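In order, the protein sequence lines correspond to chains A and B. Note that the numbering used here gives residue 43 to position 43 of the first sequence, counting from 1, and the numbers run on in steps of one. Every position in the second sequence, counted from 1, becomes a number in the numbering used here once 1000 is added. Heads up: the structure comes next, in C-alpha cells.
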Amino acid sequence: MTDLSSGPSQPSEPILTVSNLTQRVELGHESLTILQGVSLEIKRGESVAIVGRSGSGKTTLLGLLAGLDTPSEGEVVLEGKAVSRLSEDERAALRARRVGFVFQSFQLLPALSALENVMLPLELADFADPESRARELLERVGLGDRLTHTPRQLSGGEQQRVAIARAFACEPVILFADEPTGNLDNQTGQEIQELIMALNREQGTTLVMVTHDETLAARCERRLTIDAGHLETDQEVTA
Amino acid sequence: MSASRNLGSVARDWRQRDVRVVLSALVIAVATVAIIALFASQLQRTLITSASSFLAGDRQLEAEHGQPIPPEWREEARSRGLETARMVEFATMLSGGERFQLVSVKAVSDNYPLRGQVEYQPSPDGERQLLDQGPRPGEAWLNPRLMRLLELEVGDSVEIGNLTLEISGLLVREPDGGFNMTGLAPRVMIHADDVDATGVVQEGSRVEYINLFAGDEAALNAFHQWIEPRLEPSHEWESIRDGATLSESLDRAERFLLLGGSIAVLLASVAVAVASRQYAVGQRDTVALLKTLGLSGRRIGRMYLARLAVWGVVGMAGGLLVALPVYAFLNNLMEQVLEQDVPFVVDVPALAPALATALVSLFAFAYPPIRRLRDVPAMRVLRSQPGEPDGRAWTDIAIAVVAIFGLVWLYAREIMLVLALIGGLVALLGILAFLGWVLVMGLRRVTGGGNAWRLALVGLYRHRRSSLSQIAVFAMTLMLASTLVLVRSSLLADWQAQLPEQTPNHFLINIAPEAVDEVEAFWDERGQGLDTVYPMVRGRLTEINGEPVRQVVSKDDSVNALNRELNLTWMEDLPEDNRIVAGTWVNDQQQEGVSVEAELAAELGVEVGDVLGFTVGSDIIAEPITSIRTVQWESMKPNFYMAFPPGGALEGLPATWITSFYLPPSQKSALNDFTRQFPTVSLLEVDHIIERIQQIVRQVTQAIEAILALILAASLVVMAAVVSATLQDRQREGALLRTLGGQQSLLVRSTMLEFGLAGLLAGILGVLAAETAVWALQYRMFGGEFRWHWAVALPIPLISALVLALLGRWQLRPVLQVSPMLLLRRLE
Chain A
1 MTDLSSGPSQ PSEPILTVSN LTQRVELGHE SLTILQGVSL EIKRGESVAI
51 VGRSGSGKTT LLGLLAGLDT PSEGEVVLEG KAVSRLSEDE RAALRARRVG
101 FVFQSFQLLP ALSALENVML PLELADFADP ESRARELLER VGLGDRLTHT
151 PRQLSGGEQQ RVAIARAFAC EPVILFADEP TGNLDNQTGQ EIQELIMALN
201 REQGTTLVMV THDETLAARC ERRLTIDAGH LETDQEVTA
Chain B
1001 MSASRNLGSV ARDWRQRDVR VVLSALVIAV ATVAIIALFA SQLQRTLITS
1051 ASSFLAGDRQ LEAEHGQPIP PEWREEARSR GLETARMVEF ATMLSGGERF
1101 QLVSVKAVSD NYPLRGQVEY QPSPDGERQL LDQGPRPGEA WLNPRLMRLL
1151 ELEVGDSVEI GNLTLEISGL LVREPDGGFN MTGLAPRVMI HADDVDATGV
1201 VQEGSRVEYI NLFAGDEAAL NAFHQWIEPR LEPSHEWESI RDGATLSESL
1251 DRAERFLLLG GSIAVLLASV AVAVASRQYA VGQRDTVALL KTLGLSGRRI
1301 GRMYLARLAV WGVVGMAGGL LVALPVYAFL NNLMEQVLEQ DVPFVVDVPA
1351 LAPALATALV SLFAFAYPPI RRLRDVPAMR VLRSQPGEPD GRAWTDIAIA
1401 VVAIFGLVWL YAREIMLVLA LIGGLVALLG ILAFLGWVLV MGLRRVTGGG
1451 NAWRLALVGL YRHRRSSLSQ IAVFAMTLML ASTLVLVRSS LLADWQAQLP
1501 EQTPNHFLIN IAPEAVDEVE AFWDERGQGL DTVYPMVRGR LTEINGEPVR
1551 QVVSKDDSVN ALNRELNLTW MEDLPEDNRI VAGTWVNDQQ QEGVSVEAEL
1601 AAELGVEVGD VLGFTVGSDI IAEPITSIRT VQWESMKPNF YMAFPPGGAL
1651 EGLPATWITS FYLPPSQKSA LNDFTRQFPT VSLLEVDHII ERIQQIVRQV
1701 TQAIEAILAL ILAASLVVMA AVVSATLQDR QREGALLRTL GGQQSLLVRS
1751 TMLEFGLAGL LAGILGVLAA ETAVWALQYR MFGGEFRWHW AVALPIPLIS
1801 ALVLALLGRW QLRPVLQVSP MLLLRRLE
C-alpha cells in the first residue's frame, strides 16, 4: 500500500528536474524537432504555467514531464527518479501514486458514470474504499447529486469537474493540466480555475499547467514561455 | 440528389471508420451468402448428375407389360430441348454354341446412356473401357458369365428369336444396372432397332418399354407437367429421388446445404446489423448539425436513405466481385476432388438471397435509429437529458428480426428450419436476459483494484450494455456455427452407419433348399461367411380381412407392392436393424401370424390384428398381423415386407433361399468357380452400386466440409467485426488507464480475462441454443434421434473464450505500443 498522504515537504526542494530535453519525431525520411534542449527545475508546491503559441511544443513538454512519453534526448527526474530510465510499468506505478492529470477534452470514459470515472484511479492504486472517497470528491467539486450520470448527460463544465475530482482522487504530489479551460466558456472556465486552485492549495499539490488563458497563467507563481521548441523565458510572476 | 454527387459522398464517407466497417460488412455479407448459394446450387447439380447415372438419364418413363411408349412423347421432349433415348427390356431364350439359356435382353437406342457410362470389354482378357453407347445394330454384348456358361467367344454368333447377331464384346456393367430381384437372368445388350426383327416381342408379351430423358431441370419439370395427364396407371415416371437409398442421402445433403445457406444469411445479417447500427448511433452529432443548419427532418431522412441505397449498391457490387473468383476457385477444387468436369455456371437466381440479405439488414438496422434522431430537437440530440433512455430500440429490433427471419424463410422455404433457428435464438435471448440480471445483481458490489480478476469483472459490469450485446452477437454466431457442426457430425455418422465397411455387395438368389448347406460350405472354405440365409416364397397380397385388396385400398396404383408378387419369408430372429413399432415379435412356440413392414402397413391402412390373405401359386393363406416393424431398405441386406414365424403358414410351400455377403475385390475370381459349381444359383453383383453410393456420400461429405469451413470463416469475420465496432472506445479506455497509472501487464491480463469471460459465457449460451435448434432440426428435418453432443458442446465455450481473449489482446496492441499521450490525442 502506498503512502498517499506524504506530508507537506520543503518548498525549496525540487520535485521535477529537466535537463537538456529534446524531442524529435521521424516523419518518413525527415526528422522534425519539436523540443530542443529544454532545461528547468520545478520546486515542490510551486504552480507553473507553460504558455506559447499553438504548435510550439507545450503539450509535448507536458507529456514528457509527466512520463507519458520518453524523450529523444535529455532527462526528466521526477521525485528523484529518472523517468526515462524507468520501465513502462515502473512509470505507470509512479503515475498511479504520485501524478494527476486534467485534459482539455476531459477524457472521461463515456460508458462509465461520474462516480465510476472517479473511482478508476483509486482502484488502480488499490485504494481501500474507492467508492466513498470518490463520492466525497464529487461532493467537493459540487456534483454530489450527479453521481450516476454518464458524461453524455453532463455539461462541459460538469465533465471537467468530474475530471478534476478524478485527478485529485489519489492525492497526487504533482498535477499536470493540459489547457483545462480550453474547451469551456469564460464563466465556466473561471469556476474551473477556482476549483483547481482551491484543491491545489488544500492538498499542497505541485501544479504544472499548459494554458492559453492569460488570467489562469497569471495566477501561477511561474510562467515558462515556449517558442518553436525552445524555452524562451522563465519568469517569476509577481502577483 | 444526383448519382454523381452521391458517389462523391460515398468517396467522402469512405474516410469515416464507421462507414468503412459498414461497407466491409456488406461486402462480406454479400460475398458469403453468394458463395454458399452458388456453391450449393452447383453441388446440387453435380450430385444429381452424378446420381442420375443410376437411371442412365435424369428421368425415366417406364411402361410395364404394356404398349410401346408413343414416339410423339419423345418428339415433344426433344422440342423442349431435352435429350431422349429408349430401351426395351424382355426375357427370352438365347441360343449359341448349340446351347440354350434364358437371358434378359436390354435393347438400347443410339444415344443410350444419357447419363453415366457403359463398361465394356472387347474380349474376356481385353481392357475394360467406358463407353457412351451400346452395341450397333446386328451386334450383341453378353454378360461375361453368360459367355462362360455358353462357352462362347467374341466373334461367335448367337440367335434371339429369328435374328442372328454377332458377339462384338462383353457387357461388364451398365450404369442403370440397379437390382431388381425378378430379372435375374444374365444380361444381353442389343440395339433397339433389332427388336422387331427378333419377332420375340409381340402384343401382350411380357416386356418393359423405357424412355430416358435428360436436360435442364426446369425443362424436365415442364415436360413432366405436360406428360402427367397423359400417363396411364401402368406408366411410371421416375427420378433419382424415387430410389430409396440415394434419395435419402441426397435429400439430407440438400437440407444441409439449405441449413448452411440460411445460417450464412443469418450471420451476414448479424454482421451488417452490428456495423450499420454502430454507424447510425454515431450519426447523432451529424444529424444535430444538419438540423442546426436548417435541414428539415424529412430531408435528412431522404438524404440518409439515398446514402444507404448507394452503399447498398456499392456493397453488393463489391460482394459479387469477391464472391465470383472464390466460387470459381471452389469450382476448380471440386473438379479436382470429384475427378469430373464441373462446368462454371453462375446461377443468377441463387444470388437473390445474398443481395436481399444485404439490403434488408442494412436498411432495417441503420435507418430506424436515424429516423428516430430525425424527430428529436437538435439540442436534445446534442446532449441527452438525464433519465432519458439512450436508445429505445425494441421496436427497431423487432422489425429487424422479423425482416431477417422473413429472409431466411424466403431462402429456405422450410418453416421448420426457420422455427428451429428462431427457437434456438429465443432460448439464447432468454438465457441472456437472465444472465444480464445476474451480471447486474452479482457484480454490482465488486470494485476494481490492482487485481486483474476484479478489474475484468468490473469491466464486464461497467460495460454491461455493450458486454451483453457483444455476448449476444458472439453467442448467436457460435450458435449458428455449432448448429452446423452438430448437424454435420450426426449426418456423417448416419451415412457411415448406413453403408459401413464390408457392406454386403453380392446376393445369392434362387438357392435350392437342398443346396443351402453346400453353398454355405463353399464360401466358408474361402473365408467369406454368408449373412443370414432366408427362405423366399413368392406370393401376392390379395385380401385384407377377407375383402379383396383392390376394393379395400382405393388408390391401388399408388401402392407398388400390390402390383407385383412379394417375397414372403419366415424368420426366427428379428434382423438387427429392424425395429418393432407395434405388436410383438413371435416367440418360439407361436406359429401363426405375420409381421408387416411399417410403411406398407400405413399405405394399406392395416393394424395389428387385421388379417392378410396371400395367394401363393394355387394356395391361399390368411394370417393375422402380429407385429409391424421398420426395415432399413438401404442396408444392402435381404429385406422383406412380410415375415412369418418358422413353421408358420409358409411351411411346406415351395421356397428358394436368398442371402448376401461381402466379397473383397481381390476375391472376385472365386465367383467363376461358384457359377460353375452352382449354375442354377443366381448371383447379383451390387459391388459397383455400393461403390458408387459410397463415392457420392464421399462427395457430399466433402461438400459439407467445404460449406462448414466457409461458415466458420464467416463467423470469425463477424466476431472480429463486432470487436472492432467498439475498438476505438476500448483503445481510449486503455490509453486512459495507462495514463492513470495502470500497468501494462495488469491491463493485458484484465482485458484478456474480460474478453475470455465474455467468450466463455457466449460459448455456453451458443452451445445451449445450438442444442435447442438441433433438437428441433433433428426431430423434424433430418429424422435422427436427439442426444447431447458432449464432444462438441464442451470444447466450444473454451475455444470461444480463447479466441475472444486473443481478439481482446489484439485490439489492445496499439495501446501498449504507442505512448498513451499520442494515443489519447489520436483518438480525440
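By construction, the Cβ of each residue, glycine as well, lies at the ideal position given by its N, Cα and C atoms. Predicted, not measured: the structure shown is a model, and the values here were computed from it.
For a Cβ distance threshold of 8 Å, residue set Gln1743, Gln1744, Ser1745 of chain B lies close to Asp89 of chain A, ordered along the chain. Within 7 Å of the CB of Pro1820 of chain B, the CB atoms of chain A belong to Leu68, in sequence order along the chain. Closest option to Arg1540 of chain B, judged by alpha-carbon separation, among B:Leu1612, B:Ser1595, B:Val1516, B:Ala1493: B:Leu1612. At a C-beta separation below 8 Å, Glu116 of chain A has these neighbours in chain B: Arg1462. Beyond the five residues adjoining it in sequence on each side, Gln1591 of chain B comes within less than 6 Å, by CB distance, of Pro1645, Gly1647, Gly1648 in the same chain, given in chain order. The three-state reading of DSSP puts Ile34 of chain A in strand, counting E and B together. Around the beta carbon of Ala1433 of chain B, fewer than 16 other beta carbons lie within 10 angstroms, which makes this residue exposed. In chain order, Ser47, Val48, Ala49, Leu207, Met209, Val237 place their CB closer than 8 Å to the CB of Cys220 of chain A, counting only its own chain and leaving out the 5 sequence neighbours on each side. A direct Cα-to-Cα measurement between Ala1034 of chain B and Val1418 of chain B gives close to 20 Å. Each residue's CA atom was taken as its position, placing Ser1618 of chain B and Gln1133 of chain B some 44 Å apart. Taking a Cβ-Cβ cut-off of 7 Å, Asp1285 of chain B has no neighbours in chain A, whose nearest Cβ is about 11 Å from it. Within the model, the alpha-carbon separation for Tyr1662 of chain B versus Leu1566 of chain B is close to 25 Å. Taking the Cα positions, Met1642 of chain B is about 19 Å away from Gln1589 of chain B. Separation of Gly1593 of chain B and Asp1610 of chain B (C-alpha to C-alpha, rounded to the nearest whole angstrom) is 10 Å. Taking all protein chains shown into account, Val1440 of chain B has fewer than 16 neighbouring C-beta atoms within 10 Å of its C-beta and is therefore exposed.
Short of 7 Å from the beta carbon of Ser84 of chain A, and not among the five residues preceding or following it, lie these beta carbons of its own chain, in chain order: Thr70, Pro71, Glu75, Val76. When Cβ-Cβ separations below 8 Å define contact, Leu1824 of chain B makes contact with chain A. When DSSP assignments are scanned along the stretch 1087-1167 of chain B, the uninterrupted stretches of beta strand (DSSP E) that are 3 or more residues long and fall wholly within it turn out to be 1099-1108, 1118-1121, 1129-1131, 1139-1142, 1157-1160. Annotated three-state conformation of Ile1707 of chain B is helix, per DSSP.
Secondary structure of Asp1176 of chain B (DSSP, three-state): coil. Out of B:Ile1422, B:Leu1114, B:Asp1396, the CA that lies nearest to the CA of Phe1405 of chain B is found in B:Ile1422.
Proximity of Glu1754 of chain B to chain A, defined by a Cβ-Cβ separation below 8 Å, is not satisfied. Using a Cβ-Cβ cut-off of 8 Å, Gln187 of chain A does not count as an interface residue toward chain B, since no Cβ of chain B sits closer than that to its own.
Taking a cut-off of 8 Å for Cβ pairs, the stretch 1163-1170 of chain B and the stretch 1139-1154 of chain B touch, as three or more such pairs fall below it. Residues of chain A whose Cβ lies closer than 8 Å to the Cβ of Ser1466 of chain B are, in chain order, Ala111. Taking C-beta atoms under 8 Å as the contact rule, Val1552 of chain B and Ala1582 of chain B fail to qualify, at a distance of about 19 Å. About 7 Å separates the beta carbon of Gln1744 of chain B from that of Ala92 of chain A, a gap short enough to meet the 8 Å contact definition.
Three or more beta-carbon pairs separated by less than 8 Å are not found between the stretch 1696-1706 of chain B and the stretch 28-43 of chain A, which leaves the two stretches without contact. A direct Cα-Cα distance of roughly 50 Å separates Leu112 of chain A from Ser1041 of chain B. Here Ile1415 of chain B is exposed: its Cβ has fewer than 16 other Cβ atoms, across all protein chains shown, within 10 Å.
Note that the stretch 1105-1117 of chain B touches the stretch 1054-1065 of chain B; at least 3 beta-carbon pairs, one per stretch, sit closer than 8 Å. Ranked by Cα distance from Phe101 of chain A, the first of A:Pro110, A:Val118, A:Thr150 is A:Val118.
Beta-bridge partners assigned by DSSP to Trp1788 of chain B: none are found.
Here DSSP, grouped into helix, strand and coil, assigns Phe1755 of chain B to helix.
With distances taken between CA atoms, Asp1176 of chain B lies nearest to B:Lys1106 out of B:Tyr1327, B:Met1636, B:Lys1106, B:Val1022. Scanning chain A for C-beta atoms nearer than 7 Å to the C-beta of Arg1738 of chain B yields Ala92, reported in chain order.
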